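Peer 1: Could you have a look at this structure, given as structure tokens, before my questions?
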Amino acid sequence: AAAVIAFFHGWNEYVFAQTLVSSESLHTASVGLAGFVGELSTPVHAVMAVGVIYTLPAVLFYLLVQRYVVAGMTAGSVKG
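Going by this note's numbering, the sequence shown opens with residue 19, and the numbers climb by one from there.
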């Protein structure tokens, strides 16, 4: 369970990447997704498509480790 939480924490670290990474080639996917939003116009269809692609690895990862997450959560809460 701790590994899954660590994975999602690193996956969603937007502020850290936005603040400390200066090169556009090193930006994370969340910073790149935020770059789609324009000042005058925003291509909503492109933002939604990239958002779906961005969330797919996290969803697939969770589906693969879901039984371990549930087992870890219940093992710590059940006595005896």
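Note that CB positions come from ideal geometry on N, CA and C, so glycine has one too. In this text, all values refer to a predicted model and were calculated from it rather than measured experimentally.
Which residues mark the beginning and the end of the alpha helix (DSSP H) in which residue 48 is found?
Peer 2: 47-52 is the extent of the alpha helix (DSSP H) around residue 48.
Peer 1: Would the segment 82-98 count as touching the segment 60-73 if we require 3 or more Cβ pairs under 8 Å?
Peer 2: Judged by Cβ distances under 8 Å, the segment 82-98 makes no contact with the segment 60-73, as fewer than three pairs qualify.
Peer 1: For residue 27, tell me which candidate among 44, 62, 93 and 48 has the shortest Cα-Cα distance.
Peer 2: The shortest Cα separation from residue 27 among 44, 62, 93 and 48 belongs to 48.
Peer 1: Would residue 91 pass as a contact of residue 21 if the rule is Cβ separation under 8 Å?
Peer 2: Cβ distance not < 8 Å, so residue 91 and residue 21 don't count as in contact.
Peer 1: Which residues mark the beginning and the end of the alpha helix (DSSP H) in which residue 67 is found?
Peer 2: Its alpha helix (DSSP H) spans residues 62-93.
Peer 1: Return the chain-ordered list of same chain residues with a C-beta closer than 7 Å to the C-beta of residue 36, the five sequence neighbours on each side being excluded.
Peer 2: Within the same chain, residue 36 has close Cβ partners 49.
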